[in-house]
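>
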Amino acid sequence: MSGLLNDTQREVRELARDFAERRVAPHAAEWNARHEIPRDVLRDLGAMGFLAVAVPEEYGGAGLDSTCLALVITELARADAGLSVTVAVQNGLVCSPILRAGTEEQKRTWLPRLASGEVFGAYALTEPDAGSDAASLRATATRDGDGWRISGSKMWITNGGFAGVLVVFARTGGQGSGGVSAFIAEPGEGFEAGPELAKMGLHSSSTVGLTFDGLRVGADAMLGEEGQGLKLALATLDGGRITVAAQACGIAQAAVDLAVDYARHREAFGGRIARFQGVQFPVADASAKLDAARLLMLHAAALRDAGLPYRAEGAKAKLFASAVAVEAADVAVQTLGGYGYSAEYPAERLYRDAKITELYEGTSQIQRLVIARELWGADAR
Ligand SMILES: Cc1cc2nc3c(=O)[nH]c(=O)nc-3n(C[C@H](O)[C@H](O)[C@H](O)COP(=O)(O)OP(=O)(O)OC[C@H]3O[C@@H](n4cnc5c(N)ncnc54)[C@H](O)[C@@H]3O)c2cc1C
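The working numbering numbers the first residue of the sequence shown as 3 and each following residue consecutively.
Set out below in structure tokens:
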């Protein structure tokens, strides 16, 4: 794939790979067992510019492009998917909507702090009864003097357990998509983050429910225009899906690498298991599909970098790459046999971590819906 990247993109990928191999991979099992990522690792990622890769330098970011962000997320996910989602949310779901819709003051207040890692952010769209159907969300923001009070519940919020700032979506008008507005809110009185949710994988990342009970925000907290919140939420997810595809590629790469390495050393029936076609072919298939997934991901990122439409391409990249991650992780477990099922090797963690890429930021069914709408337009509704 190197031939498809420019010098800067190659350099960023090498930096991220080096960091992931030295600072992340050796500790990933321990962080997942402890359900946390050390703060100094997150701060060091900030110092490298990896918490705000595509944010312009004038706002404290690295001033790079979406392709660089995808490459960073791929390399981090190869070492620890939980860390990669923590970083992907900061970049793609928090910095990105602030950059897209924020006032100059909002950008100057929040982006440098997010970029350095002084503050972590969360993106609070999903509710206990509104996931795929985000337009049915029920949280409200009601006028209070010149500001607003936010009430309602949010569910499955990544980084929510330690976030210092929240991009939160709440209803300011009537029913439907036009009644939703976005806010930049700081935790305070009338806000509570719930306990960590027990989940299948991504154990090193924080995922919690949030309760808003009249949290007050000022007039300057609204992000974008009143009633335009859902549009902003969905446009944000268009970009976020490229980073989920990147995460899937990283998990799949780790799975293929592990299977190749293990089969080279494991012996059965008088020789290495790598000589069996039954072992080779599933890994070969996964490797070919991984290359295709990476191309879809880089294509969607390149369109975004060129300022061209990329909604359907991002959905295709996520749809395909997530299925490849699930398949490759399964192949890794199978290749390692009983050891694939053991916590002694990372295969079982990859298997658990891969599944989420088919679920969040739109399930695979929702990606197909996005693609179908691009194909049929209004006739798909
Ligand atoms: C670990 C984790 C981290 C997350 N992080 C965040 C976060 O940081 N911020 C945030 O806001 N959210 C987050 N989410 C929420 C995530 O994006 C949602 O779980 C996801 O969008 C699916 O919504 P749901 O769980 O309500 O499923 P539902 O919408 O209830 O879907 C259930 C099933 O119905 C299917 N379905 C629904 N509608 C259709 C349709 N029209 N056509 C066909 N099939 C359909 C779905 O594909 C799925 O199979 C996270 C979730 C997890 C598990």
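Glycine included, each C-beta is placed from N, C-alpha and C at the ideal position.
Answer yes or no: the CB of residue 369 versus the heavy atoms of ligand 1, is any distance below 6 Å?
Flag unset: Cβ of residue 369 not near ligand 1.
> For residue 354, which of helix, strand or coil comes out of DSSP?
Helix at residue 354.
> Mapping the DSSP letters down to three states, classify residue 216 as helix, strand or coil.
Here residue 216 sits in strand by DSSP.
> Count the CB pairs spanning the segment 67 to 86 and the segment 5 to 21 that are closer than 8 Å, and state whether there are at least three.
They touch, by the three-pair rule.
> If you run the structure through DSSP and keep just helix, strand and coil, what is residue 157?
Reduced to three states, the DSSP call for residue 157 is strand.
> If you draw a straight line from the C-alpha of residue 209 to the C-alpha of residue 30, how long is it?
Computed Cα separation, rounded: 17 Å.
> How would you write the range of the alpha helix (DSSP H) that residue 142 sits in, first residue to last?
Here residue 142 belongs to no alpha helix (DSSP H); instead the beta strand (DSSP E) covers 142 to 146.
> Could you work out which residue in 147, 320 and 100 is closest to residue 367 when comparing CA atoms only?
Considering only alpha carbons, the answer is 320.
> Just how far apart, CA to CA, sit residue 45 and residue 118?
Answer to the nearest angstrom: the Cα atoms are 7 Å apart.
> Would you say residue 159 touches ligand 1, meaning its beta carbon is less than 6 Å from a heavy atom?
Indeed, a heavy atom of ligand 1 lies less than 6 Å from the Cβ.
> Just mark residue 177 as buried or exposed, buried being the case when its beta carbon has 16 or more other beta carbons within 10 Å.
Answer is exposed; the Cβ neighbour count stays below 16.
> With DSSP as the reference, please indicate the residues paired to residue 112 in a beta bridge.
In the DSSP output, where bridge partners are listed per residue, residue 112 has none listed.
> Helix, strand or coil, according to DSSP, for residue 207 in the structure here?
Reduced to three states, the DSSP call for residue 207 is coil.
> Note down the Cα distance separating residue 378 from residue 125, rounded to an integer number of angstroms.
Going by the C-alpha atoms only, they are around 30 Å apart.
> Tell me the DSSP secondary structure of residue 322 in three-state form.
Residue state, collapsed to three classes: helix.
> Does the contact criterion of 3 or more C-beta pairs under 8 Å hold for the segment 144 to 163 versus the segment 278 to 289?
In short, these stretches do not touch, since the Cβ pair count stays below three.
> Might you give, ordered along the chain, the residues of its own chain that have their beta carbon closer than 7 Å to the beta carbon of residue 136, omitting 5 neighbours on each side?
Cβ within range, chain order: 127, 232 and 235.
> Would DSSP call residue 343 helix, strand or coil?
Helix.
> Apart from the five residues just before and just after residue 108, which ones in its own chain have a Cβ nearer than 8 Å to its Cβ?
So the list reads 100, 186, 222 and 225, once near-sequence residues are dropped.
> State yes or no: is the C-beta of residue 213 nearer than 6 Å to some heavy atom of ligand 1?
Residue 213: no, Cβ never under 6 Å from ligand 1.
> Please list, in chain order, all residues of the same chain as residue 121 whose beta carbon is under 6 Å from its beta carbon, the five residues on each side excluded.
Here the set comprises 115, 166 and 167.
> Just checking my contact of residue 253 with residue 352 at CB under 8 Å: how many whole Å lie between their CB atoms?
Yes, residue 253 and residue 352 are in contact; Cβ-Cβ is about 6 Å, under 8 Å.
> So, with DSSP's three-state summary, where would you put residue 273?
It is a strand residue.
> Express the C-alpha separation of residue 317 and residue 370 in angstroms, rounding to a whole number.
Cα to Cα, residue 370 sits roughly 7 Å from residue 317.
> For residue 258 and residue 248, what's the separation of their Cα atoms in angstroms?
Roughly 15 Å separates the two Cα atoms.
> Using alpha carbons as the reference points, say which of 89, 154 and 134 lies closest to residue 143.
It is 154.
> Under DSSP, the alpha helix (DSSP H) around residue 95 begins and ends at which residues?
No alpha helix (DSSP H) contains residue 95, which DSSP labels as neither H nor E.
> If you count every other CB in all the chains shown that lies within 10 Å of the CB of residue 344, and 16 or more means buried, which is it?
Label assigned to residue 344: exposed.
> Give a yes or no on whether the C-beta atoms belonging to residue 255 and residue 80 are separated by under 7 Å.
Taking 7 Å as the Cβ cut-off, residue 255 and residue 80 qualify as a contacting pair.
> Under 8 Å, with one C-beta from each stretch per pair, do the segment 46 to 62 and the segment 14 to 32 reach the 3-pair mark?
Taking 8 Å as the limit for Cβ pairs, the verdict is that the segment 14 to 32 does touch the segment 46 to 62.
> Looking at ligand 1, does it come within less than 6 Å of residue 353, judged from the CB to the closest heavy atom?
Every heavy atom of ligand 1 is 6 Å or more from the Cβ of residue 353, so no.
> Using DSSP with H/G/I as helix, E/B as strand and the rest coil, what is residue 226?
DSSP places residue 226 in coil when its eight states are reduced to three.
> Beta-carbon within less than 6 Å of residue 195's beta-carbon, same chain only, minus the 5 sequence neighbours each way: which residues are those?
Within the same chain, residue 195 has close Cβ partners 162, 163, 210 and 212.
> Helix, strand or coil for residue 196 per DSSP?
Reduced to three states, the DSSP call for residue 196 is strand.
> The beta strand (DSSP E) that contains residue 56, what's its start and end?
Unbroken run through residue 56: none, as it is neither H nor E.
> Output the distance between the C-alpha atoms of residue 251 and residue 78, rounded to the nearest integer angstrom.
Straight-line Cα distance between these residues: approximately 11 Å.
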